[in-house]
Amino acid sequence: MKLKKNDQIELVCTDLSDQGFGIGHLDGMTIFVSDLLPGEKAKVRIIKTNKSWAIGKTVERLTESPDRVQPVCEKADACGGCSLMHLAYPAQLERKEKQLKDLFGRVDEQIQVLPPIGMDQPLHYRNKAQFPIGVIDGKSVGGFYRPRTNTIVPIRTCAIQSDKINEIYQWMLDHLSTVQAQSLRHLLVRHSFKTGEVLVVLIGPENLGFESLAKALKKDHPEVAGVIWNKNERNDNVILGEEYEVLEGKDSLHEKCLDLDIDLHFKSFFQVNPAQMEKLYTCALDLASLQPEDRVIELYSGTGTIGLLASRKAREVIGVEIVPEAVENAKANARANHIENAQFVCMDASEFAARNSSAADVVMVDPPRKGMSEQGIRDIVRLSPRKIVYISCNPRTLARDLGLFKADGYRCNVIQPVDMFPYTSGMECVALLEKEISTKS
Ligand SMILES: C[S@@+](CC[C@H](N)C(=O)[O-])C[C@H]1O[C@@H](n2cnc3c(N)ncnc32)[C@H](O)[C@@H]1O
23 MKLKKNDQIE LVCTDLSDQG FGIGHLDGMT IFVSDLLPGE KAKVRIIKTN
73 KSWAIGKTVE RLTESPDRVQ PVCEKADACG GCSLMHLAYP AQLERKEKQL
123 KDLFGRVDEQ IQVLPPIGMD QPLHYRNKAQ FPIGVIDGKS VGGFYRPRTN
173 TIVPIRTCAI QSDKINEIYQ WMLDHLSTVQ AQSLRHLLVR HSFKTGEVLV
223 VLIGPENLGF ESLAKALKKD HPEVAGVIWN KNERNDNVIL GEEYEVLEGK
273 DSLHEKCLDL DIDLHFKSFF QVNPAQMEKL YTCALDLASL QPEDRVIELY
323 SGTGTIGLLA SRKAREVIGV EIVPEAVENA KANARANHIE NAQFVCMDAS
373 EFAARNSSAA DVVMVDPPRK GMSEQGIRDI VRLSPRKIVY ISCNPRTLAR
423 DLGLFKADGY RCNVIQPVDM FPYTSGMECV ALLEKEISTK S
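Just so it is clear: in the sequence shown, position 141 is 163 by the numbering used here, and no numbers are missing.
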């Protein structure tokens, strides 16, 4: 029987995809169903088919997994941001561990995937939100986009954002006129859990009297360190534009990470889960086991946080990052923390690796989701480091890159997953790669 759109079938879910869909099989087809958990049986309506796979929607659940929980967010289904809201947290960690073991086992059986480091309180953990803003039924609204659309699912509160971010966001929704909301594209809010400071960025093509809004916000919320208008006239999915104007206070936030003081520009990258970030960096540095004479190169260094922590244990650190504001942050952060053996360069990471001819003892990389280029990997290998510590927020590109490193003589022995994104399908990993000793004589 060939499945067709609108067919109704009974399906037993046997696995969970890395996007959080339940997986079942029927007549040689793989069927992906949202809101279905392994072990559950359901009546499913087919909404899309392809040659070997189909997408279905649960019509009625016939049995229920003991790991199913009531989502704490009533918009979880529509919003699509948290694809695992219906799964108990310990079971989320077990699932993620299994998926990572399957994925990395296919690259190299030797890789040991350690149990993920989870959170004790896995809600309200995020320090940054980017809410799309608009007008629905004559009211200013914000929220998140329905998956694969530009339709806003209106929300007033998000279960994974910090309480402070929700509070500031609600204040903005209550004070934005519909004319302002219609023009705005996004509202970005950043919050430091450690210092309490908040940064608010209004993103859109025009400044529609945002000064008075900024003043009123600052008056009601003195913890707001800065309000910024970021000009973005683009019509694509790039959130931030180049130009900006500070309406109140400053364009950066005072943040802390372990014992470091961090100046964080609103354009600079920073890990979104500060509690897990500290565990991630501690783990990355433990795996690097730096020696006092080591020369460390840190590629994709952001505001320099990892490099600055590494500089306390090594002789010299060079950080490389492409966003100028982040490099300025990193340099200022070195000065503010009285660190003299760390330098930061504004350059494409691959270009730096290609141009740099002096060897490195340890290379630390933390690229964006797309991972590294083949040439970039070859250029790192040419630096002949003793160890490479690879931090990644995308297990798939990490797996691909570990395969390329292996072909060039660097094998990964151990991966430590750190759950930076509870209730979502995301996972952060730290991989340790070491040079293989050649057995050829
Ligand atoms: C995942 S973040 C890591 C930042 C930093 N290690 C941290 O943990 O805060 C990746 C960083 O790579 C930077 N980046 C992206 N493409 C780059 C490139 N081609 N060369 C250098 N840096 C790049 C981004 O701006 C971002 O700061």
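We treat Cβ as the ideally placed atom computed from N, Cα and C, and that holds for glycine.
9 Å Cβ cutoff met for Glu-275 and Phe-288: Against the sequence shown, residue 275 aligns to sequence position 253. Against the sequence shown, residue 288 aligns to sequence position 266. Note that residue 275 is Leu in the sequence shown, not Glu. Closer than 9 Å, so yes.
Any non-hydrogen atom of ligand 1 within 8 Å of Glu-300 CB: Within the sequence shown, numbered from 1, the residue matching residue 300 stands at position 278. Checking the Cβ of Glu-300 against ligand 1 gives no.
Heavy atom of ligand 1 within 8 Å of Gln-293 beta-carbon: Along the sequence shown, one-based indexing puts residue 293 at 271. Within the cutoff, so yes.
Spatially closest choice to Met-141 from Pro-444, Asn-254, Cys-35 and Glu-300, by CA coordinates: Here residue 141 corresponds to residue number 119 of the sequence shown, with the count starting at 1. Closest option to Met-141, Cα to Cα, is Pro-444.
Cβ-Cβ distance between Met-386 and Ile-361 below 9 Å: Looking up residue 386 in the sequence shown gives position 364. Looking up residue 361 in the sequence shown gives position 339. No. Outside cutoff.
Heavy atom of ligand 1 within 8 Å of Val-318 beta-carbon: As a working note, residue 318 is residue 296 in the sequence shown. Every heavy atom of ligand 1 is 8 Å or more from the Cβ of Val-318, so no.
Opposing strand residues paired with Tyr-432 [DSSP bridges]: Translated into the one-based positions of the sequence shown, residue 432 becomes position 410. Note: Tyr-432 sits in a beta bridge opposite Lys-457.
Coarse secondary structure for Val-349, derived from DSSP in three states: Position 327 of the sequence shown, counted from the start, is the residue given in the question as residue 349. Helix.
Integer-rounded CB distance, given that Tyr-147 should sit under 8 Å from Ile-177: Here the question's residue 177 lines up with position 155 in the sequence shown. Here the question's residue 147 lines up with position 125 in the sequence shown. At roughly 17 Å, the Cβ-Cβ gap does not stay under 8 Å, so Ile-177 and Tyr-147 are not in contact.
Beta-carbon gap between Ala-306 and Leu-330 smaller than 9 Å: Within the sequence shown, residue 306 is the residue found at index 284, counting from 1. Within the sequence shown, residue 330 is the residue found at index 308, counting from 1. It is not a contact, given that the beta carbons lie outside the stated cut-off.
Same chain only: Cβ atoms within 8 Å of Lys-27, ignoring 5 sequence neighbours per side: Here the question's residue 27 lines up with position 5 in the sequence shown. Only Ile-68, Ile-69, Lys-70 and Thr-71 meet the Cβ criterion.
CB contact flag (Asn-295, Ser-214, <9 Å): To locate residue 295, count along the sequence shown from 1; it is residue 273. To locate residue 214, count along the sequence shown from 1; it is residue 192. Their beta carbons are not under 9 Å apart, which means Asn-295 does not touch Ser-214 by this criterion.
Proximity of Glu-86 and Glu-62 at Cβ, strictly below 9 Å: The residue labelled residue 86 in the question sits at position 64 within the sequence shown. The residue labelled residue 62 in the question sits at position 40 within the sequence shown. In contact: Glu-86 and Glu-62 (Cβ atoms closer than 9 Å).
Whole-angstrom distance between Leu-33 and Leu-25, CA atom to CA atom: Numbered from its first residue, the sequence shown carries residue 25 at position 3. Numbered from its first residue, the sequence shown carries residue 33 at position 11. Computed Cα separation, rounded: 13 Å.
Meets three-Cβ-pair contact criterion under 8 Å: the region 417-428 and the region 440-455: yes
Identity of the residue in Pro-407, Asn-257 and Ala-376 nearest Ser-395 by Cα: As a first step, residue 395 must be located in the sequence shown, where it is residue number 373. Out of Pro-407, Asn-257 and Ala-376, Ala-376 has the C-alpha closest to the C-alpha of Ser-395.
Closest Cα partner of Gly-425 within the set Gln-438, Arg-400, Arg-408 and Asn-355: As a first step, residue 425 is located in the sequence shown; it is residue number 403 there, counting from the start. Taking only the C-alpha atoms, the option nearest Gly-425 is Arg-400.
Terminal residues of the beta strand (DSSP E) in which Thr-52 lies: Counted from its first residue, the sequence shown places residue 52 at position 30. Thr-52 -> beta strand (DSSP E) spans 51-55.
6 Å CB neighbourhood of Ile-455 in its chain, flanking five on each side removed: Reading the sequence shown from its first residue, position 433 is the one you call residue 455. Note on residue identity: the sequence assigns Leu, not Ile, to residue 455. Only Ile-410, Phe-427, Tyr-432 and Cys-434 meet the Cβ criterion.
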